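Engineer: Just so we're aligned, residue 162 is where the sequence shown starts under this note's numbering, counting upward by one. Ideal Cβ positions, reconstructed from N, Cα and C, are used throughout, including at glycine. Since the model is a prediction, treat every value here as computed from it, not as a measurement. Please read through the structure below; I'll follow up with questions.
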Amino acid sequence: MNDTPFSLVPQALLRREKQILWLSLGLLLPAMLWQLGVQPLFLEEPRRIMIALEMAENGNGWAPTELGDFYYKKPPVFNWILLASSWLCGGYSEFAFRLPTVLSTLLLTFLVFLLGRRYVGERFGAFSALLFLTGGGILLYFSTLAEIDLFYSLVTFASFATFFHYYQIRQYWAAFLLTYTLGAIGTLTKGPPSVLFLGLTIFAWLAWKRDLKRLFSLAHLTGAALYLGLLGGYLYIYSHYNSLSNYFPGLWGQSSEMTILERSFGQLLRHLVNFPLDTIKDLMPAGLLLVFCLRRDFWKVARQNDLIVFALITFAVNIPAYWLSPGARQRYIYMLYPMLLYVFVYFQQAADAKKWMHQWLRITLGVVIGALTLAPLAINFVPDLDFMPFRLPLSLGFTAVMGAVFYVYWRKPGLALPLLILSMIIARILFDATVLPQRAHDSGALREKQLAAEILKLSAGSPLYMYGEGRISFTSTVYIGLMRGKALRRRRDIEPGVCYLAETQLLAGRSDYETLLTFEYNRLPHALVRIK
């Protein structure tokens, strides 16, 4: 197969395209780092950080705990990353915890570019990478959080890219040793999903290449042995702290929670319909390029390039596990997004793509750029932003900048795609200037952080624990640990002079305590009490 199919448009970027993309890249790092640490920790961020804090406090980086109990749902690698980032940044902070996500996103984008440029061309690699980065779900949401998914996607996509590249150049030892090493890192980051990603991708590609005998080669067997050795080494160390008979059921339980085994048939049907639609929506605006795949000779054209075939096969063999699992979310398949975008961009750049499709895309992207031009004006009418005294000049400034972008589009509609990328990065800067400060000013996470401060104030001078099997929000829990410099732990016995956070019903029938504070969590009454 040819590495550079003749059916694609010339791959050298035009001068003005390069100028726009370089401007976009110049704005990218400030856009992703500005205000990164402003909003309080929320969603799954506090849990990841809480576990990392306990690991550091325990002096044990092998057996994660949550509130002092062994935690089985995720292996420890991402916790190591959070602690390393905090050390490099000089201490615990929201910025330090979120920095690995930003770096993972940028590195993943760079890998998408390198692989695309190597096996198709510069234009293909650049647009595949930047359209991945500027997808709304990633750029405006998950790249702002200390979540595990983008780091895990980096490791997993790197294993795909490594296997494909070294297999193509017939360096099979590098292909299997590096791929299985990355697979082991992925497994020690998120557990069972990496086993599927690794096994299905390698088997499917070798089957397509009619090279299944390669599975029995010394290079592959050595790679598999290395993978098992790395996992076995970790499990051996872990077994010194906790029984493996507890570890494996706990680890499997996390993965099985989202499958059809734990959900109703109705949930499965809704998921079968919604999951592909939500995926395309999450890819927007790049999802608009799907229209270029609507052609009768789709497979005939696709198979002219090995990277596109690999992308299709990798996506096809890995997506069913998520499509058939009602609990799956789009962030679980971020490592597969580049595979879709490789296909979308490949067909969008086909020299014989229908003219009406290009015309439709230019008009649609113009509408998007136009909407982004007017969007800054809307912040003047959002009540939640009333605390911002500079809203009007801010909105006018961003409208003027976006107006200049729209003017260039109006004069040169052929530049719609690079201008869209620039517009999305400008939109991220506006997001940084408005939404992130708003969350810091008034949000559920802020109130949970304030609750943590109040709990510490009222319990000052007394030991503080979580009582029994109860819990409060992860945000309050992690901020209690961060503010007092000691992680909150669970305690199941009662001791005089000790403060406890407890669900009120767990204290029913007791009269030997003083209530210091009452609050709600999950619509259930909770209290901070001190035992007399």
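1. Out of Q611, T475 and Y661, point me to the one whose CA is closest to M644's CA.
2. Can you give, in chain order, each stretch of the alpha helix (DSSP H) that sits fully within the stretch 220-287 and has at least 4 residues?
3. From what residue to what residue does the alpha helix (DSSP H) around Y628 run?
4. By DSSP's criteria, C454 is part of a beta bridge. Which residues make up the other side?
5. DSSP has Y507 in a bridge; who is on the other side?
6. T323 and A336 - do their beta-carbons sit closer together than 9 Å?
7. Distance, Cα to Cα, S634 vs T679?
8. Distance, Cα to Cα, N479 vs G277?
9. Bridge partners of A688, per DSSP?
10. Quick check on the DSSP output: the alpha helix (DSSP H) that includes F559 runs from which residue to which?
11. Can you give me the Cβ contacts of P550 inside the same chain, cut-off strictly under 7 Å, excluding the 5 residues immediately before and after it?
12. Measure the alpha-carbon distance for A688 versus C454 and round it to whole angstroms.
13. Which residue from L228, H519, G344 and P261 puts its Cα closest to that of A577?
14. Please determine, among Y397, N466, L301 and Y402, the residue with the shortest C-alpha to C-alpha distance to M445.
15. Once you ignore the five residues that flank V199 on each side, which residues in its own chain have a CB closer than 8 Å to its CB?
16. Rounding to the nearest angstrom, what Cα-Cα distance links L243 and I474 in this structure?
17. Compute the beta-carbon to beta-carbon distance between A385 and Y341, rounded to the nearest angstrom, for a pair I have assumed lies under 8 Å.
18. If you measure between the beta carbons of Y495 and L228, is that distance less than 9 Å?
19. Determine the DSSP secondary structure at Y402, reduced to helix, strand or coil.
20. I'd like to know whether the C-beta atoms of R691 and S620 end up nearer to each other than 9 Å.
21. For S584, count neighbouring Cβ atoms within 10 angstroms of its own Cβ and tell me buried if that reaches 16, exposed if not.
22. Drop a sphere of 10 angstroms on the beta-carbon of T440, count the other beta-carbons inside from all chains shown, and report buried for 16 or more, exposed for fewer.
23. Quick one: what does DSSP say R464 is sitting in, helix, strand or coil?
24. List, from N- to C-terminal side, the alpha helix (DSSP H) runs of 4 residues or more that fit wholly inside the stretch 165-216.
25. For R589, report the span of its alpha helix (DSSP H) as first-last.
26. In three-state DSSP terms, what is Y674?
27. Quick check on DSSP: helix, strand or coil for R375?
28. Pair every Cβ in the stretch 549-566 with every Cβ in the stretch 492-512, then say whether three or more of these pairs are closer than 8 Å.
29. To the nearest angstrom, report how far apart A565 and W366 are at their CA atoms.
30. Using the beta-carbon count (16 or more within 10 Å), is Q196 buried or exposed?
31. Kindly indicate the opening and closing residues of the alpha helix (DSSP H) around N541.
32. Looking at P537: is its Cβ nearer than 9 Å to the Cβ of L580?
33. Residue range of the alpha helix (DSSP H) that K442 falls in?
34. Tell me which same chain residues have a C-beta within less than 7 Å of the C-beta of S265, skipping the five on either side of it?
35. Can you give the beta carbon distance from S247 to F258, rounded, assuming they're within the 8 Å contact cut?
36. Determine the direct distance from the alpha carbon of L667 to that of R652, and round the result to whole angstroms.
Structural biologist: So, from the listed chains and residues:
1. If you number the sequence shown from 1, residue 644 lands on position 483. That would be Q611, whose Cα lies nearest to the Cα of M644.
2. Listed in chain order, the alpha helix (DSSP H) elements of length 4 or more contained wholly in the stretch 220-287 are 238-249 and 255-280.
3. Counting from one through the sequence shown, the residue named residue 628 turns up at place 467. Here Y628 belongs to no alpha helix (DSSP H); instead the beta strand (DSSP E) covers L625 to Y628.
4. Your numbering for residue 454 matches position 293 in the sequence shown. According to DSSP, which records beta bridges pairwise, C454 is partnered with nothing at all.
5. Here residue 507 is taken as the residue at index 346 of the sequence shown, counted from 1. The partner list for Y507 (beta bridge, DSSP) is empty, contrary to what the question assumes.
6. Walking along the sequence shown from the start, residue 336 turns up at place 175. Walking along the sequence shown from the start, residue 323 turns up at place 162. Cβ atoms of A336 and T323: closer than 9 Å.
7. Locating residue 634 in the sequence shown gives position 473, counting from the first residue. Locating residue 679 in the sequence shown gives position 518, counting from the first residue. Between S634 and T679, the C-alpha separation is close to 14 Å.
8. Here residue 479 is taken as the residue at index 318 of the sequence shown, counted from 1. Here residue 277 is taken as the residue at index 116 of the sequence shown, counted from 1. Roughly 20 Å between the two C-alpha positions.
9. Residue numbering aside, residue 688 sits at position 527 when the sequence shown is read from its first letter. A688 pairs with A663 and T679.
10. Within the sequence shown, numbered from 1, the residue matching residue 559 stands at position 398. F559 -> alpha helix (DSSP H) spans R552 to R572.
11. Residue 550 sits at position 389 when you count from the first residue of the sequence shown. None.
12. The residue you call residue 688 lines up with position 527 of the sequence shown. The residue you call residue 454 lines up with position 293 of the sequence shown. Each residue's Cα considered, the two are about 57 Å apart.
13. Along the sequence shown, one-based indexing puts residue 577 at 416. It is H519.
14. In the sequence shown, residue 445 corresponds to position 284, counting from 1. That would be L301, whose Cα lies nearest to the Cα of M445.
15. Within the sequence shown, the letter at position 38 stands for residue 199. Same-chain partners within the cutoff: E255, L597, P598, R600 and A601.
16. Residue mapping note: residue 243 aligns to position 82 of the sequence shown, counting from 1. Residue mapping note: residue 474 aligns to position 313 of the sequence shown, counting from 1. Those two C-alpha atoms are separated by around 33 Å.
17. Within the sequence shown, numbered from 1, the residue matching residue 385 stands at position 224. Within the sequence shown, numbered from 1, the residue matching residue 341 stands at position 180. Right, their Cβ atoms sit about 6 Å apart.
18. Position 334 of the sequence shown holds residue 495. Position 67 of the sequence shown holds residue 228. No. Outside cutoff.
19. Within the sequence shown, numbered from 1, the residue matching residue 402 stands at position 241. Of the three classes helix, strand and coil, the one that applies to Y402 here is coil, per DSSP.
20. Residue 691 sits at position 530 when you count from the first residue of the sequence shown. Residue 620 sits at position 459 when you count from the first residue of the sequence shown. Yes.
21. As a working note, residue 584 is residue 423 in the sequence shown. Buried, since its Cβ has 16 or more Cβ neighbours within 10 Å.
22. For the purposes of this step, residue 440 is taken as residue 279 along the sequence shown, with counting starting at 1. With a 10 Å radius around the Cβ and a threshold of 16 neighbouring Cβ atoms, T440 comes out buried.
23. Residue numbering aside, residue 464 sits at position 303 when the sequence shown is read from its first letter. In this structure, R464 counts as coil in the three-state DSSP scheme.
24. 176-194
25. Numbered from its first residue, the sequence shown carries residue 589 at position 428. Taken as a continuous stretch (DSSP letters only), the alpha helix (DSSP H) holding R589 covers A577 to H602.
26. Within the sequence shown, numbered from 1, the residue matching residue 674 stands at position 513. Reduced to three states, the DSSP call for Y674 is strand.
27. By one-based count along the sequence shown, residue 375 stands at place 214. Helix at R375.
28. no
29. Residue 565 sits at position 404 when you count from the first residue of the sequence shown. Residue 366 sits at position 205 when you count from the first residue of the sequence shown. Between A565 and W366, the C-alpha separation is close to 47 Å.
30. The count along the sequence shown starts at 1 and reaches residue 196 at position 35. Buried: at least 16 other Cβ atoms inside 10 Å.
31. By one-based count along the sequence shown, residue 541 stands at place 380. Careful: N541 lies outside any alpha helix (DSSP H) and carries neither H nor E.
32. Locating residue 537 in the sequence shown gives position 376, where the first residue counts as 1. Locating residue 580 in the sequence shown gives position 419, where the first residue counts as 1. It is not a contact, given that the beta carbons lie outside the stated cut-off.
33. Translated into the one-based positions of the sequence shown, residue 442 becomes position 281. Looking at the DSSP string, the run of the alpha helix (DSSP H) that includes K442 is F426 to L444.
34. The residue labelled residue 265 in the question sits at position 104 within the sequence shown. If we look at S265 and ignore the five residues flanking it on each side, its Cβ neighbours are L311, F312 and L315.
35. Here residue 247 corresponds to residue number 86 of the sequence shown, with the count starting at 1. Here residue 258 corresponds to residue number 97 of the sequence shown, with the count starting at 1. S247 to F258, Cβ: 7 Å. Contact.
36. Along the sequence shown, read from residue 1 onward, the residue named residue 652 stands at position 491. Along the sequence shown, read from residue 1 onward, the residue named residue 667 stands at position 506. Using only the alpha carbons, I get a separation of about 13 Å.
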